[in-house]
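Enquirer: For the numbering used here, add 21 to where a residue sits in the sequence shown, where the first one is 1.
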Amino acid sequence: MNAVWPRFLRAAYRKEPISSFVITVGAVDAAIGGLDSRWSLFSFGLGTVGLAIALRWWLMHRQQEDQPEQVPQYYLPPRSSRPQMPVLSVSKKNPPPH
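#1: Take the Cβ of residue 50 as the centre, count every other Cβ of all protein chains shown within 10 Å, and call the residue buried at 16 or more, exposed below.
#2: Can you tell me whether residue 97 is helix, strand or coil according to DSSP?
#3: State the start and end residues of the unbroken alpha helix (DSSP H) segment that holds residue 50.
#4: Using beta-carbon positions only, say whether residue 63 and residue 55 come within less than 8 angstroms of one another.
#5: I need the DSSP call for residue 81, collapsed to helix, strand or coil.
#6: Kindly indicate which three-state DSSP category residue 164 falls into: helix, strand or coil?
#7: Quick check on this structure: which residue in 35, 69, 58 and 32 has the alpha carbon closest to the alpha carbon of residue 45?
#8: Three or more C-beta pairs under 8 angstroms: does that hold for the region 73–93 against the region 29–40?
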C-alpha cells in the first residue's frame with residue numbers, strides 16, 4: 022500500500038494539477054475542522070472536496086464526448102510504387118579495399 026499511494030498521488034497531480042490541489046486543500050480543511058471541532062471549517066472542507074471531485078468528473082466526461090474518433094493519417098502508401106531493389110552482398114573473393 023505504501024508504494025501505491027505516492028504513485029497514485031503523483032499520477033493524479035500530473036494529470037489534473039488544479040483539481041488535485043483543490044481536493045488536497047479541502048481535505049486538509051476538513052481534517053483540521055474535524056479535529057478541532059470547528060464544524061464550519063469541516064463542512065467547508067467537505068464541500069470543497071465534493072465540488073472539486075464533481076468538477077473533475079464533469080470535465081472528464083465532457084472531454085470524452087467532445088473527441089471524435091480520429092482516423093490515422095498515413096503519409097506513405099502501404100506499398101512502394103517502385104520495384105524492390107536487389108540485396109547487395111560483399112563477395113568473399115574480392116573484399117573492398119580499406
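Note that CB positions come from ideal geometry on N, CA and C, so glycine has one too.
Note that the coordinates shown come from a computational prediction; the quantities given were computed from them, not determined experimentally.
Expert: The relevant details are as follows:
#1: Locating residue 50 in the sequence shown gives position 29, where the first residue counts as 1. Using a 10 angstroms sphere on the CB of residue 50, the tally of other CB atoms reaches 16 or more, which defines it as buried.
#2: For the purposes of this step, residue 97 is identified with residue 76 of the sequence shown, where counting begins at 1. Looking at residue 97 - three-state DSSP - the assignment turns out to be coil, as it is neither helix nor strand.
#3: Taking the sequence shown and counting its residues from 1, the one referred to as residue 50 is at position 29. Unbroken alpha helix (DSSP H) run through residue 50: 38–56.
#4: For the purposes of this step, residue 63 is taken as residue 42 along the sequence shown, with counting starting at 1. For the purposes of this step, residue 55 is taken as residue 34 along the sequence shown, with counting starting at 1. In contact: residue 63 and residue 55 (Cβ atoms closer than 8 angstroms).
#5: The count along the sequence shown starts at 1 and reaches residue 81 at position 60. DSSP places residue 81 in helix when its eight states are reduced to three.
#6: The requested residue 164 does not occur in the structure, where the chain is confined to residues 22 to 119.
#7: Here residue 45 is taken as the residue at index 24 of the sequence shown, counted from 1. Nearest C-alpha to residue 45: 69.
#8: Counting Cβ pairs under 8 angstroms, three or more are found: they touch.
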